[in-house]
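Participant:
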Amino acid sequence: MSRTFFHLVLGTGLGLSLHAADAADLPKPKGAASATVTVTAEASQVDTVKSPNPVKVITQEEIQRSGARTLAELLQRELPGQVSQSGGSGTEASPQLGGTRPQDTLVLLDGIRLVDASGLGTNLSEISLAGVVRVEIQRGPVSGLYGSDAQGGVIALYTDAPTEAGHHGDWSLGLGTHGLARLGGTDSIGWGSGGARLALNGGRQDAPTEADNRFREGSVFLGLNQAIGDSQAFSLAYRSSFSGTPIPYESASLDHPFTYDAARQDTARSQQVIGAVRSGWGADWGTELSLGYAEQTREEPNDFGPSPSSYRYRSYGSQANALLHWTPSGPLSGSLLLQGVQERAKDDFGDLGNGRHLGAALELAWEPFDALRLVGSARAQRDHQALLDASGASKETANSQTTGKLGATWQMGGGFRVYASGGSAFSNPLLYAVLYNAGPFVNGPQLHNEQSHSLQAGFGFDQGPWHARLDAWRTKMDEAVIFDLSDYTYKNHGQLLFQGVEGAVDYTPGAWSLGAWARSQEARDLKLQGDQQLSGGGVLRRPFFAFGLKGEATWGAFRGDLSWSWQGSRYEYFGYDATFTNAVYGPSRVHYNDLGGSLAWTIRDGMSLTLRGENLLQPRITAADWLARRTDFQNDAYQVYNFPANPPTVSLEFRIRY
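For the sequence shown, the residue numbers in the working numbering are 14 to 671.
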């Protein structure tokens, strides 16, 4: 069934491409869109002020200024309080958009899903930014377009930027305290109708406390794009990355001694290959066909055996997308998406299981007059999962799902606008959870799809140098899959509620700018009672309140920026009690400040020096401090209980462009 669908998608896209009209307009690559346009919130490109879906755009220039090498480093800066990281560089970093769970945020690379079929969600620290020219973050459910795993939002990365004619390069070398060293950049050759691009990143940094190994990472990107006449273009991209991360904190519990292993570490390797064909036929029609393959290998410590890295898991995914756009000059436009996804999980003993997901989505937008825009999307999806149960017998499950969403934006004049959207979303049970329940000595129940319904509304103002917004959201999730500690199985038992409000204001008169933001949110498991609602497995580690300030200025050859954020207390997991029978949860009673900034000096055209400070408010912690429990309930020391954050780091970066 999936093979037939993939052939249908391929044939549809190629057929539309081959019949493209000579006078057609070539659809632009998504990575080339401006900062005021979103290519993720809807199936077609649209101005951010016209979309009812809250979206944040991070441009290539902003990525470079941040100095980030991984998606985790970038989002810790851009979305404080929406990413939870278990320690220093390279450690597990989980997205929590709007307070939702890590598995509720879908990560895409050029439209292809980056999902670890053998794990519990995407680790942002394992996603390199090599070759990435644009990042978009949409908070709120988008199953109507993207299907499963998007109940909380989407983080979309794009590499498909056009190549400027001629030979160009942009390379940097950075050295700093705490063993920090970074080298990376891009080199490109353009020939008018196309081009090729190479990107390399590499780096290392010491662990927050003494360890036998440093964090180290390396990645490579190769991209090719070529126009075929005036109405067609294709692109091809390859990415490969490696990371090794020290995690010496073997166990940390309130009621038991801490244990520390300086040799303990994990490693991750991944690669992706993505090809796309974009075609325009006629003034109003366009098509996009993309095919992608992604794989990942993780090695995790074995705390109960002789090898420090004996658990190896592999995840494989392939995907085909065929997208048809209809964008006439009138008030109505639409898009049709056909999609097929296949995923597979393995370990050292063989195949664990696989899943196939076939979907079709329709999106329509209507602008009855300039100030009002209405958007609706609907999706039908068929899912199939197959695995071996504890007895070795083959076990298969199949189900169908429909979902949809409606939204509206009204531009009121004077720079004011209001927007709102609502709809349903769903997630298939994670393949990992299905495999776990079918494993030996578990014999857990069969899992089925989670369902959720959401409402979100907002107010925006853009007039001259002033920009402001106020967003509110509420998502209720039924039949949520949770891990039941009473019998150590996954069950469709949770009824989760995520809600919050966030406001921001920016003043940008010209050569300088100031901004402030604040967020209040909560996550609850409504199946529990009283304060226990805040401590369920699906709602932990969400700071109830967070706020921050930022500013930047340019004067002559210098440019500086400074950002500060404060994350308040949250409910936390503190290990097991003295009898090792009950998990211990409770309020953490600590907050987390983060201060960072940079000062750049343009020495001459194409050459600059940047002094950068990161984690400037975090305490320096030694292994002896940690083992003596001096970090227990210490402010600013960690985001996850007793996994120390990086200490203050200062670096100097030299950049050359040609």
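Ideal placement from N, C-alpha and C gives every residue a C-beta, glycine not left out.
1) Go ahead and pull the three-state DSSP assignment for P115.
2) When the Cα of G543 is compared with those of R291, S256, Y520 and G599, which residue comes out closest?
3) What are the boundary residues of the beta strand (DSSP E) that V70 is part of?
4) Secondary structure at S79, three-state DSSP: helix, strand or coil?
5) Do you know how far the Cα of L92 is from the Cα of G551?
6) Assuming L575 contacts G610 (C-beta within less than 8 angstroms), just tell me the rounded distance between them.
7) How many Å lie between F587 and P344 at the Cα?
8) Could you give the C-beta distance for D279 and Y326, rounded to a whole number, given that I count them as a contact under 8 angstroms?
9) Under 6 angstroms Cβ to Cβ from N136, same chain only, skipping five residues before and after it: list those, please.
10) In whole angstroms, give me the CA-to-CA distance for R572 and T521.
11) According to the Cβ coordinates, are A265 and N655 closer than 8 angstroms?
12) Can you pull the DSSP bridge partners for Y708?
13) Between the region 189-204 and the region 151-167, do three or more beta carbon pairs fall short of 8 angstroms?
14) Roughly how many angstroms lie between the CA atoms of R430 and T258, to the nearest whole one?
15) Is the beta carbon of W525 less than 8 angstroms from the beta carbon of G561?
16) Reducing DSSP to helix, strand and coil, say where A36 ends up.
17) In terms of residues, what are the limits of the alpha helix (DSSP H) holding Q89?
18) Pop quiz: P261 and G101 are said to be a contact at Cβ under 8 angstroms. What is the actual Cβ separation, rounded to whole angstroms?
19) Whose C-alpha, out of A174, V128 and P67, is nearest the C-alpha of A470?
20) Using alpha carbons as the reference points, say which of I287, Q245 and Q58 lies closest to G144.
21) Nearest-angstrom Cα distance between Q580 and T310?
22) Between which residues of its own chain and L186 is the CB-CB distance below 6 angstroms, once the five residues before and five after are set aside?
23) In terms of DSSP beta bridges, what is T172 paired with?
24) For G192, name the three-state secondary structure that DSSP assigns.
25) So is Y159 buried or exposed if we call it buried at 16+ other beta carbons inside 10 Å?
26) Considering just the uninterrupted stretch of the beta strand (DSSP E) at W379, what are its terminal residues?
27) Give the DSSP-derived three-state secondary structure of D674 in the structure shown.
28) Can you tell me whether Y445 is helix, strand or coil according to DSSP?
29) Thinking just about the alpha-carbon of each residue, which of V597, E149, P154 and G330 is nearest to the one in I76?
30) Report, in whole angstroms, the separation of the C-beta atoms of D11 and N238, which I expect to be a contact under 8 angstroms.
31) Which of the three DSSP states, helix, strand or coil, is assigned to Y654?
32) Select from T635, I669 and D645 the residue whose C-alpha is nearest the C-alpha of A275.
33) Tell me where the beta strand (DSSP E) around A559 begins and ends.
34) What residue range does the alpha helix (DSSP H) around L158 cover?
35) Anyone know if the C-beta pair for H338 and W298 falls short of 8 angstroms?
36) If you compare alpha carbons, which of L468, L483, L498 and D500 is closest to Q512?
Facilitator: By the coordinates alone:
1) Shown here, P115 sits in a helix according to DSSP, grouped into three states.
2) Closest in C-alpha terms to G543, from the list R291, S256, Y520 and G599, comes G599.
3) The continuous beta strand (DSSP E) containing V70 extends over residues V68 to T72.
4) It is helical.
5) Near 20 angstroms, if we compare the C-alpha coordinates of L92 and G551.
6) Contact between L575 and G610 holds: CB atoms are separated by about 4 angstroms, below the 8 angstroms threshold.
7) Cα to Cα, F587 sits roughly 56 angstroms from P344.
8) Taking 8 angstroms as the upper bound for CB-CB distance, D279 and Y326 are not in contact here, some 11 angstroms apart.
9) Taken in chain order, the residues that qualify are E105.
10) C-alpha separation (whole angstroms): 15 angstroms.
11) Cβ distance < 8 angstroms, so A265 and N655 count as in contact.
12) With the chain covering only 14 through 671, there is no way to say anything about residue 708.
13) No, the region 189-204 is not in contact with the region 151-167.
14) Cα to Cα, R430 sits roughly 45 angstroms from T258.
15) No, Cβ-Cβ distance for W525 and G561 is not below 8 angstroms.
16) Below a pLDDT of 50, predicted positions are generally treated as unreliable, and A36, at 41, falls in that range; no measurement from the model is reported.
17) Start and end: L84 to E91.
18) The pair is not a contact, with the Cβ atoms about 11 angstroms apart (cut-off 8 angstroms).
19) Per the Cα distances, P67.
20) Comparing Cα-Cα distances from G144 to each of I287, Q245 and Q58, the minimum goes to I287.
21) Straight-line Cα distance between these residues: approximately 33 angstroms.
22) Same-chain partners within the cutoff: L196 and F667.
23) In the DSSP secondary-structure assignment, T172 is not bridged to any residue.
24) In the structure shown, G192 sits in coil (DSSP, three-state: anything other than H, G, I, E or B).
25) Buried, since its Cβ has 16 or more Cβ neighbours within 10 Å.
26) First-last of the beta strand (DSSP E) with W379: G363 to F382.
27) The structure shown has nothing for residue 674, since the chain only spans 14 to 671.
28) It is helical.
29) With distances taken between Cα atoms, I76 lies closest to E149.
30) This structure gives no information on residue 11, because the portion of the chain shown stretches from 14 to 671.
31) Three-state DSSP puts Y654 in coil, outside helix and strand.
32) Of T635, I669 and D645, the smallest CA-CA separation from A275 is found for T635.
33) Segment F558 to W568, the beta strand (DSSP E) holding A559.
34) Counting along the chain, the alpha helix (DSSP H) containing L158 begins and ends at S156 to Y159.
35) Between H338 and W298, the C-beta gap is smaller than 8 angstroms, which places the two residues in contact.
36) Minimum Cα distance to Q512 is reached at L468.
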